[in-house]
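Taking it in order: structure first as structure tokens, then the write-up.
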Amino acid sequence: MLKVAKFGGSSLSSSAQFEKVKNIIDSDPSRRVVVVSAPGKRSSDDNKVTDLLYLCNAHLKYDVSYDSIFEMIEERYMDIRKGCGLNTDLDSEFETIRSHLKKGMSVEYLVSRGEYLNARLMAEYLGFTFVDAADVICFRYDGHIDYNRTNSGLVQALEANGSIVIPGFYGSLPNGEIRTFSRGGSDVTGAIVSAALGADVYENWTDVSGILMVDPRIVSNPKSISRVTYDELREMSYMGAAVLHEDTVFPVRRKNIPVNIRNTNKPEDPGTIIMESFEEDCEGDISRFITGITGKKNFTTVEVYCNHNESVSKLLQSTLGLCDRYGIEPEMLSSGIDSFSLLFPTEKLEHSKYEFAGELKGTDGVDNMKVQDNISIIAIVGRQMAYKSGISGQIFQALGEENISVRMIKQSADEINIMVGVSNDDFARAIKTLYNSFA
Ligand code: ASP
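Here the UniProt record's numbering is used: the first residue of the sequence shown is 1, the next is one more, and so on.
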């Protein structure tokens, strides 16, 4: 059994957080590979080390002294070293970075030092071997990962050392220069490492107990989702839920390695498992068919009623042509016998709303049209809703009992997402109502 455990910045922001990480690793001998981010914020008004490193680079570029910022960075690591009682020779590490700063270096080298130093400290603390990402995460010059070299390097590193710590966020080009992923890229490192080593699970340790069923700003203390598929995740993030981006975990997705989102501050919580699909065990209780509820505000609907000179499909075609000319793509579309409606994010229509509506009104075949602003879309997502009866009934009953009027209805073709449009004023109330009805 092999688990790859990746820890985010908030899990590594101080020596107290390091201690929690050590307890987590020590409690399970299969956690033999650890990927770390740079230290994150210790409190809401603190700074992330990576941000400080970017700031250092900006000072350097404009020829302003970066000393005080660099000292803040040094202090972060010294505090962790002291708090954990470690001996890692930070002075010589800082000296090397300072000398690169003086003679000029790439910004990618500089910002990668956040993860590099954290991994050095963590390796000593855990008694694992430090493996530099520059030696095992191999980029090609086109910016893509060279999987052959990367995979064999990682396998060798683990075989030779048994248990390893690897800094996230960066790797190197064939000429040895440091190359970073985009911001938040330690998640990608964790996924590449898990896939290369054929891990049984990729644990992504953060500061929440998994993906929540609804936005906690709308419902306090919502339940977290125990299992979610990539398709559901995609529907939820598209509709505004802030969840791990599926692209970042593409290497593990391809190998069907489960991703387990866990909370470093509450390691007893099982968190959320993400997989391509699950063998379902859910019969009976319909509340368990819902995975999550998300939504977005501020849409505009354009309803078009046809006269009988033109068929709905012809008129729809010319309307979509008009949308194309205005560069406004509808996000949803529903049609009936002699009318259809299009849904746009309001901000996309902002600049050309009147011209667009005027031109549409004058189009052959249009009898009448209506434009309505302040519409919210709420998505009820659940792979287990597909081909089941009773879910939409419960949705409309719950909303009806709260006197929330449904302005639009849509279901995705695969039936894992039912979307309802409500007025912006009813947005939060509708989400709460649906959560209470299903959770
Ligand atoms: N430290 C990097 C960042 O802040 C990468 C990461 O934490 O994933 O973007």
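Glycine residues also receive a C-beta, built at the ideal position from the N, C-alpha and C atoms. Here the structure is a predicted model, which is why all the values come from computation and not from measurement.
Which of the three DSSP states, helix, strand or coil, is assigned to residue i?
i	result
Y202	strand
N298	strand
I337	coil
M213	coil
residue 479	As shown, the chain starts at 1 and ends at 439. That puts residue 479 outside it, with no answer to give.
A242	coil
G292	strand
L2	coil
P251	helix
V193	helix
residue 440	The structure shown does not extend to residue 440, since the chain is modelled only from 1 to 439, so the question has no answer here.
Y305	strand
residue 446	Limits of the chain in this structure are 1 at one end and 439 at the other, which puts residue 446 out of reach.
F128	coil
N148	helix
T88	coil
R140	coil
F181	coil
S352	coil
V219	coil
S224	strand
Taking C-beta to C-beta, are residue i and residue j nearer than 7 Å?
i	j	result
I416	V214	no
F139	G171	yes
L349	L342	no
D269	S313	no
E235	V381	yes
T150	V188	no
Y77	L117	yes
A38	E115	yes
K297	S376	yes
F340	P330	no
Y202	V4	yes
R227	F278	yes
T300	G240	no
T346	A398	no
T272	I328	no
A199	P167	no
M275	P251	no
V219	Y435	yes
P222	I24	no
Where do the N-terminal and C-terminal ends of the beta strand (DSSP E) with residue i fall, by residue?
i	result
G171	Y170 to S172
T272	T272 to M275
M105	Premise fails: M105 is in no beta strand (DSSP E) and is neither H nor E.
V312	Where V312 is concerned, there is no enclosing beta strand (DSSP E), although the alpha helix (DSSP H) it sits in stretches over V312 to Y326.
K410	M408 to Q411
N256	Looking at the DSSP string, N256 is not in any beta strand (DSSP E), and its letter there is neither H nor E.
I229	Ile is not the amino acid found at residue 229; the sequence shown has Thr there. Looking at the DSSP string, the run of the beta strand (DSSP E) that includes T229 is R227 to T229.
T363	Per DSSP, T363 belongs to no beta strand (DSSP E) and is neither H nor E.
V36	R31 to V36
I264	Note on identity: in this sequence residue 264 is Thr, with Ile being the wrong assignment. No beta strand (DSSP E) contains T264, which DSSP labels as neither H nor E.
V64	Note, V64: premise wrong, no beta strand (DSSP E); not H, not E.
P167	I164 to P167
The alpha helix (DSSP H) spanning residue i covers which residue range?
i	result
M419	Segment N417 to S423 is the beta strand (DSSP E) holding M419; no alpha helix (DSSP H) there.
I377	Counting along the chain, I377 falls outside any alpha helix (DSSP H), though it belongs to the beta strand (DSSP E) covering V366 to V381.
Q397	I391 to E401
M78	D67 to C84
V49	V49 to K61
I431	F427 to F438
V21	S15 to D26
V208	First-last for V208: undefined, no H or E at that position.
V136	A133 to V136
For residue i, is the beta carbon positioned less than 6 Å from some heavy atom of the ligand ATP?
i	result
S37	Among the ligands modelled here, namely the ligand ASP, the ligand ATP does not occur.
Between the segment 50–70 and the segment 128–146, do three or more beta carbon pairs fall short of 8 Å? no
Is it true that the segment 45–61 meets the segment 22–36, where meeting means three or more beta-carbon pairs spaced less than 8 Å apart? no
I want to know whether the segment 13–20 touches the segment 72–86 - three or more CB-CB distances under 8 Å. yes
Decide yes or no for the touch test of the segment 261–272 against the segment 182–200: beta carbon pairs closer than 8 Å, at least 3 of them. no
So, do the segment 356–364 and the segment 301–312 have three or more beta carbon pairs nearer to each other than 8 Å? yes
If you pair each beta-carbon of the segment 394–405 with each one of the segment 420–435, do three or more pairs fall below 8 Å? yes
With a threshold of 8 Å, are at least 3 pairs of Cβ atoms found where one atom belongs to the segment 88–97 and the other to the segment 113–128? yes
Tell me, please, whether the segment 161–178 touches the segment 196–207 by the rule of three or more beta-carbon pairs shorter than 8 Å. no
Check whether the segment 323–340 touches the segment 383–398, counting contact only when three or more Cβ pairs, one atom from each stretch, lie closer than 8 Å. no
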